[in-house]
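**Student:** Line order of the protein sequences matches chains S and X. Residues in the first sequence are numbered consecutively from 1, following my numbering. Residues in the second sequence are numbered consecutively from 1, following my numbering. Ideal placement from N, C-alpha and C gives every residue a C-beta, glycine not left out. All figures in this text were calculated on a predicted structure; none of them were measured in a lab. Take a look at this one; I'll ask things after.
There are 2 protein chains.
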Amino acid sequence: MPRKVDHKLRREAFLAAAYRTIKKKGLEGVTFRAVAREAGFTTGALVHYVDSIDKLLVESSEYAARYVRDDMEAMEALPDRLESLRQVIYLSLPLDEERRGNWNFWMGFWERSVRNATVRKLTHTRYGEWLGRLEHLIRMAQEAGDLADDIDVKRATKTCVALVDGIAAQTLRSGYPLSADEQRKIMDDWIVAALRPTRPLSAERIERPRRPRSNGSHPREAELAKAV
Amino acid sequence: MPRKVDHKLRREAFLAAAYRTIKKKGLEGVTFRAVAREAGFTTGALVHYVDSIDKLLVESSEYAARYVRDDMEAMEALPDRLESLRQVIYLSLPLDEERRGNWNFWMGFWERSVRNATVRKLTHTRYGEWLGRLEHLIRMAQEAGDLADDIDVKRATKTCVALVDGIAAQTLRSGYPLSADEQRKIMDDWIVAALRPTRPLSAERIERPRRPRSNGSHPREAELAKAV
DNA sequence: ACCCTTTCGAAACAGGCGTATAATATAACA
DNA sequence: TGTTATATTATACGCCTGTTTCGAAAGGGT
Chain S
1 MPRKVDHKLR REAFLAAAYR TIKKKGLEGV TFRAVAREAG FTTGALVHYV
51 DSIDKLLVES SEYAARYVRD DMEAMEALPD RLESLRQVIY LSLPLDEERR
101 GNWNFWMGFW ERSVRNATVR KLTHTRYGEW LGRLEHLIRM AQEAGDLADD
151 IDVKRATKTC VALVDGIAAQ TLRSGYPLSA DEQRKIMDDW IVAALRPTRP
201 LSAERIERPR RPRSNGSHPR EAELAKAV
Chain X
1 MPRKVDHKLR REAFLAAAYR TIKKKGLEGV TFRAVAREAG FTTGALVHYV
51 DSIDKLLVES SEYAARYVRD DMEAMEALPD RLESLRQVIY LSLPLDEERR
101 GNWNFWMGFW ERSVRNATVR KLTHTRYGEW LGRLEHLIRM AQEAGDLADD
151 IDVKRATKTC VALVDGIAAQ TLRSGYPLSA DEQRKIMDDW IVAALRPTRP
201 LSAERIERPR RPRSNGSHPR EAELAKAV
């Protein structure tokens, strides 16, 4: 009965558009009108797929989190526990344009969560996930004998999260951005000084698997291409 | 000819009201109407003292920075270079309600600076000041022989700023706030592990001088009190 | 052929925003 | 006792927001 449109797919297109909008303009600039324009539709169409701005924010954050999680799980599967930890930390840093956008997105939630209960709840959930993931990794590395065994894992976790958050803030907001090398060096230094690994960190760089990520595209373009 | 009102004083009262509003509601909630209401006036009166919202933000940030700077300069005057550094770092942490308010204020600037050039410029200036102040302190401590002398001061400075920013973000936004003790322990651990002091950190607590700070008051109340 | 449901655009609504303007109150000076 | 400059309120304007409403287009089921 409907116009032949894959509901779920189009919905995703709107979430992707919301994500792109936030990356570009910050969370303050996310309006129904802006997201709809970014997606190539009008507000009416957008509202058809998502009820409220709050839900749009929540779902677009879940959309964004999926990819990050996938990358992280790949790194967690590495046999080397120490390297596994280090690579997951690297994945959380604002090293390249894509991840800086991700951080722009995330930092928007920091401010929005002051006044918006829905966003606040979501922010807390994501923090909980991230703290849990990191604590588990540190504990695994410790149990594998890769780290000194007198380390306070919980405090180390919080310190690491703080360091990463702070690097992101400084890189994206201070006007004195840290280069990718600098960011990695800071985290390596911290790992060595605070976690005291029982063996040196590997010197070679592990490249992140680069999945195709149709993120910059305009949903309407694909549609047009198919029509031709 | 004017109604006997100290222009400069009333202006300050509005800046204080702006500061209180931001502390409470975050920077997104700062509007002419909200600030005027907080001060006990109407928007017209506020506009009479400050031209635009941008300038209000800039000036209220300077208002806030004054007090912090005063405290820090007091600690910088300590004879013990190592303790001086440590106490200034402590002053920058969200340890108590007052400073958490301060951080709420500051983090508002992070988001606002994405879209607002005036706020962005100001944020960069403040970061520059803070980085410079901290770098100077670390260098002084190193030259006094209190720190290992093979430390990369610039990188240590950036790391310290990141750690403090991250502690603030985690404490105010994550839903898993760090206690005052935890914050101090994290920073002490970092000082020991990363800066490698040549003597142990002092165990006793130095209390911050508590100046009277008429910050919570309603400007209209003082006026009324004087009238009676 | 007709209906019925989904998709989408266009427009309108109330409310909040920054800002401008006019009117009123008030104190100091002539 | 006016006159005048300032402080303050009240109100209005235009813009943008989230959200709602209405209507047109489109295709499958009967």
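Under 8 Å by Cβ, that's how I've got arginine 133(X) and methionine 72(X) pegged, so tell me the actual separation to the nearest angstrom.
**Tutor:** So it is a contact: roughly 7 Å between Cβ atoms.
**Student:** So for leucine 236(S), helix, strand or coil by DSSP?
**Tutor:** Residue 236(S) lies beyond the residue range present for chain S, which begins at 1 and ends at 228; the question has no answer from this structure.
**Student:** Do we get a CB-CB distance below 7 Å when we pair alanine 225(X) with the residues of chain S?
**Tutor:** Bear in mind that the predicted position of alanine 225(X) carries a pLDDT of just 46, short of 50, making it too unreliable to give a figure here.
**Student:** Where DSSP assigns a beta bridge to proline 177(S), which residues make up the other side?
**Tutor:** None, per the DSSP bridge assignment.
**Student:** Closer than 8 Å by beta-carbon distance: list the chain X residues that pair up with methionine 107(S), in chain order.
**Tutor:** Neighbours of methionine 107(S) on chain X, chain order: Trp110 and Glu111.
**Student:** In the DSSP assignment, find the unbroken alpha helix (DSSP H) run with valine 114(X) in it and report its ends.
**Tutor:** Residues 97-115.
**Student:** Just checking: is the beta-carbon of glutamine 170(S) within a distance shorter than 7 Å of some beta-carbon in chain X?
**Tutor:** True, the Cβ-Cβ gap to chain X drops below 7 Å.
**Student:** Nearest to lysine 24(X) by alpha carbon, out of Trp103(X), Lys121(X), Arg112(X) and Asp152(X)?
**Tutor:** That would be Trp103(X), whose Cα lies nearest to the Cα of lysine 24(X).
**Student:** Give the straight-line distance between the Cα atoms of arginine 11(X) and serine 113(S), rounded to the nearest whole angstrom.
**Tutor:** Distance between the alpha carbons of arginine 11(X) and serine 113(S): 30 Å.
**Student:** Using the C-alpha atoms, what's the distance from glycine 108(S) back to alanine 36(X)?
**Tutor:** If I take the Cα positions, the gap works out to 26 Å.
**Student:** Name the residue from Ala18(S), Gly145(S), Glu28(S) and Arg205(S) whose alpha carbon lies nearest to the alpha carbon of lysine 55(S).
**Tutor:** The shortest Cα separation from lysine 55(S) among Ala18(S), Gly145(S), Glu28(S) and Arg205(S) belongs to Ala18(S).
**Student:** Could you tell me if valine 5(X) is buried or exposed, where buried requires 16 or more neighbouring beta carbons within 10 angstroms of its beta carbon?
**Tutor:** Classification for valine 5(X): exposed.
**Student:** Please classify glutamate 204(S) as buried or exposed, where buried requires at least 16 neighbouring CB atoms within 10 angstroms.
**Tutor:** Classification of glutamate 204(S): exposed, given that the 10 Å Cβ count is below 16.
**Student:** I'd like the list of long-range same chain contacts for proline 177(X), defined as Cβ closer than 6 Å, with 5 residues on each side in sequence excluded.
**Tutor:** If we look at proline 177(X) and ignore the five residues flanking it on each side, its Cβ neighbours are Thr171.
**Student:** Determine the chain S residues that contact tyrosine 49(X) at a beta-carbon separation under 7 Å, and present them in chain order.
**Tutor:** In chain order: nothing, as chain S lies at least about 26 Å away.
**Student:** Count Cβ pairs between the region 182-191 of chain S and the region 145-163 of chain X that sit closer than 8 Å; are there 3 or more?
**Tutor:** Segments in contact, yes.
**Student:** If you count every other CB in all the chains shown that lies within 10 Å of the CB of tryptophan 123(X), and 16 or more means buried, which is it?
**Tutor:** The displayed chain sequence assigns threonine, not tryptophan, to residue 123(X). The residue is buried, with at least 16 neighbouring Cβ atoms inside 10 Å.
**Student:** Measuring CB atoms only, is the region 76-94 of chain S touching the region 138-148 of chain X, in the sense that at least three cross pairs come out at less than 8 Å?
**Tutor:** The region 76-94 of chain S is not in contact with the region 138-148 of chain X.
**Student:** Could one say the Cβ of glycine 175(X) lies closer than 7 Å to chain S's Cβ atoms, at least one of them?
**Tutor:** So yes, glycine 175(X) belongs to the interface.
**Student:** Could you name the residues that DSSP lists as bridge partners for proline 197(X)?
**Tutor:** In the DSSP output, where bridge partners are listed per residue, proline 197(X) has Leu147(X).
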